[in-house]
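Asker: Numbering (the working numbering) for the sequence shown: 812 to 1019.
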Amino acid sequence: MRLFLLFVISCFLAGCSGTGGIIGGLVPAPKFLKGEVNSEGEYISENREFSVILPHPPERSKDDRYEWTYTKVHEINEDNIVVGAVFGPAAFDLNLYHAVIIKESASQPLEPYVQKVFDGKSKGRNSNLRPIAEQQFDHLSKRAFYSVYESESSFLILSLVAGEEYFYVVEIDISKNSARNVPTKSQLIDRSWEVFNQIFSSFKVLSE
812 MRLFLLFVIS CFLAGCSGTG GIIGGLVPAP KFLKGEVNSE GEYISENREF
862 SVILPHPPER SKDDRYEWTY TKVHEINEDN IVVGAVFGPA AFDLNLYHAV
912 IIKESASQPL EPYVQKVFDG KSKGRNSNLR PIAEQQFDHL SKRAFYSVYE
962 SESSFLILSL VAGEEYFYVV EIDISKNSAR NVPTKSQLID RSWEVFNQIF
1012 SSFKVLSE
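1) Anyone know if the C-beta pair for L969 and E982 falls short of 8 Å?
2) If distances are taken between C-alpha atoms only, which option among V848, H950 and R859 comes closest to T882?
3) Which stretch, first to last residue, makes up the beta strand (DSSP E) that contains K883?
4) Just confirm the distance between the C-beta atoms of F1014 and F861, as a whole number of angstroms; I'd bet it's less than 8 Å.
5) Going by DSSP in three states, G852 sits in which element: helix, strand or coil?
6) Mapping the DSSP letters down to three states, classify E976 as helix, strand or coil.
7) Could you give the first and the last residue of the continuous beta strand (DSSP E) run that contains L907?
8) Got a sec? Which residues, its chain only, sit under 7 Å from H950 by beta carbon, not counting five neighbours each side?
9) In its own chain, which residues sit with a C-beta less than 6 Å from the C-beta of E857, not counting the 5 before and 5 after it?
10) Tell me whether S1018 sits in a helix, a strand or coil according to DSSP, three-state version.
11) Is DSSP giving P942 helix, strand or coil here?
12) Taking DSSP as the reference, what is the three-state secondary structure of Q919?
13) Is it right to say A901 is buried, meaning 16 or more other beta carbons lie within 10 angstroms of its own, or is it exposed?
14) Just curious, the beta strand (DSSP E) that F956 is in, first and last residue?
15) Classify F978 as buried or exposed, calling it buried when 16 or more other Cβ atoms lie within 10 Å of its own Cβ.
16) Would you kindly work out how many angstroms separate the C-alpha atoms of L905 and E915, rounded to a whole number?
17) In whole angstroms, what is the alpha-carbon distance linking A840 and E945?
18) On the DSSP bridge list, what partners appear for A896?
19) Taking the alpha carbon of R1022 as the reference point, which residue from A955, F966 and I943 has its own alpha carbon closest?
20) Would you mind sorting E886 into buried or exposed? The rule is 16 or more other CB atoms within 10 Å of its CB.
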């Protein structure tokens, strides 16, 4: 059930209305968040389930502040079991940055379950994505999975970290037409893109 819900959320968030963004292509829309953004540029989710650094922390630079002003945000909370947010698009950065926690254990055995999650999310797009990289590694003493997909117009990063009673997903839809934050293919393959690594490493589960 939660696996199906995760697929639905992924498709829903990509085209959601959300809060913030741009009105008429010119004016930044106000953001009415259920979570909060602190002075360090971290987003803290509703009910303090998790925190994660913003793609454009407003206090980091003038450019980041400008991008954040125009960033659309969508928050979701399904029974306080699936809690997440999507940031983007912004002013010049057209990417979508997803951070979602699912407060249920991932099914065992873990590898085929994660593959099913990744297959469902990548095949749910209409852009003929093909896999170009895949890694497994340890992150904070937990199993972590990382995959990258490419189409003619985009890249998709999917990462999942499995805890004992939860798992979380950091996902980035990268538009090759974005004027900012477009990595090289080699950066994605060897997991060296600084933007992803900052967001991924900053994710904290606050409800443990």
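Backbone N, C-alpha and C fix where the C-beta goes; we use that ideal spot for every residue, glycine too.
Here the structure is a predicted model, which is why all the values come from computation and not from measurement.
Answerer: Once the coordinates are examined:
1) yes
2) V848
3) Start and end: K883 to E889.
4) 6 Å
5) coil
6) coil
7) Element bounds for L907: L907 to I913.
8) These residues qualify, in order along the chain: V972.
9) K845, G846 and N888
10) Three-state DSSP puts S1018 in coil, outside helix and strand.
11) strand
12) coil
13) buried
14) K953 to E961
15) buried
16) Looking at the backbone, the Cα of L905 and that of E915 are separated by about 31 Å.
17) 38 Å
18) E886 and A910
19) Here the chain comprises residues numbered 812 to 1019, so residue 1022 is not present and cannot be evaluated.
20) buried
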